[in-house]
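Accompanying notes for the structure given below.
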């Protein structure tokens, strides 16, 4: 049976990927190109973009791959990027907003400039992508897919990176709203999906870990899982990794939800009074 994923993963269609010069974004671009899609990559580094485009051209010489320097936190740049893509490629079938960063922000009351920069990239970058590309995707009348990259930290919100958690929680809420809006239009042909990678060894992670840990997935494994779940039509695409299974993720998410339902303290998973209860929950 044809799905929206099979409808858009066709030769000659066009895909846009922000954060496309490395990691999950580049792996997705390579996979889309292997299906015959033309790919437009946005990133901050022209050098990395040139390398990514060169790699895709070597692997799939029949597709049109282009790189665009773009700061997704600046809507005027994203709008210019969208105009350039329209002129070069025409209609867009896949929009993947994947650009993101992790910055040291400290406590909730510290480093306001770092907080703002992180949220501008991780959350506003996704909003800017949708605002710049989705109207023309709707106007085209063609099947389309929007994939926004979230994080498990936006769901369970572990301590130590609260600004990052905030930004990714915002991506989740925004993408849920986008999915509702898209299915509410007359004759909906575009769907939204939330990609939630597990522990993945990307360029962002390599800043802190020079070698890939055994428990981490590769970007290619994440894209494999993404395409499998897109083919099923899933909205929440929550990836396991080599250490955390889907069952473990489900239990952690259930514990977080039960904080709200049972009136436990915020982030009780990391509260010493609940350590034994959380351990028992995970072992049940």
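Residue numbers (our numbering): 230 to 513. The beta carbon of each residue, even a glycine, is placed where N, CA and C say it ideally should be.
Those runs of the alpha helix (DSSP H) which lie wholly inside the region 313-397 and span at least 4 residues:
341-348, 354-369
So residue 443 and residue 471 are in contact, right, with Cβ under 8 Å, and what is the actual spacing, rounded?
6 Å
If residue 408 and residue 464 are in contact, beta carbons under 8 Å, what's the gap, nearest whole angstrom?
6 Å
Measure the alpha-carbon distance for residue 307 versus residue 421 and round it to whole angstroms.
19 Å
Cα-Cα, which of 292, 235, 301, 510 is closest to residue 273?
301
For residue 511, which residues from the same chain have a beta carbon less than 6 Å from its beta carbon, with the 5 sequence-adjacent residues on both sides left out?
So the qualifying residues of the chain are 480.
Leaving out the 5 sequence neighbours to the left and right, which residues in its chain are closer than 8 Å to residue 263 when beta-carbon positions are compared?
288, 289
Using a threshold of 7 Å, state whether the C-beta atoms of residue 321 and residue 362 are closer than that.
Contact flag set, yes.
How many Å lie between residue 432 and residue 258 at the Cα?
16 Å
Who are residue 296's beta bridge partners in DSSP?
For residue 296, which the question treats as bridged, DSSP gives the partners 270.
Once you ignore the five residues that flank residue 452 on each side, which residues in its own chain have a CB closer than 7 Å to its CB?
253, 256, 257, 260
Residue 270 classed as buried or exposed, judged by whether at least 16 other C-beta atoms fall within 10 angstroms
Counting every other CB atom within 10 Å of its CB across the protein chains shown gives residue 270 a total of 16 or more, marking it as buried.
Decide if residue 336 is buried, meaning its Cβ has at least 16 other Cβ atoms within 10 Å, or exposed.
exposed
Closer than 8 Å is the cut-off here; do at least three beta carbon pairs connect the region 364-375 with the region 412-427?
yes
With a threshold of 8 Å, are at least 3 pairs of Cβ atoms found where one atom belongs to the region 337-350 and the other to the region 382-402?
yes
According to DSSP, is residue 301 helix, strand or coil?
coil
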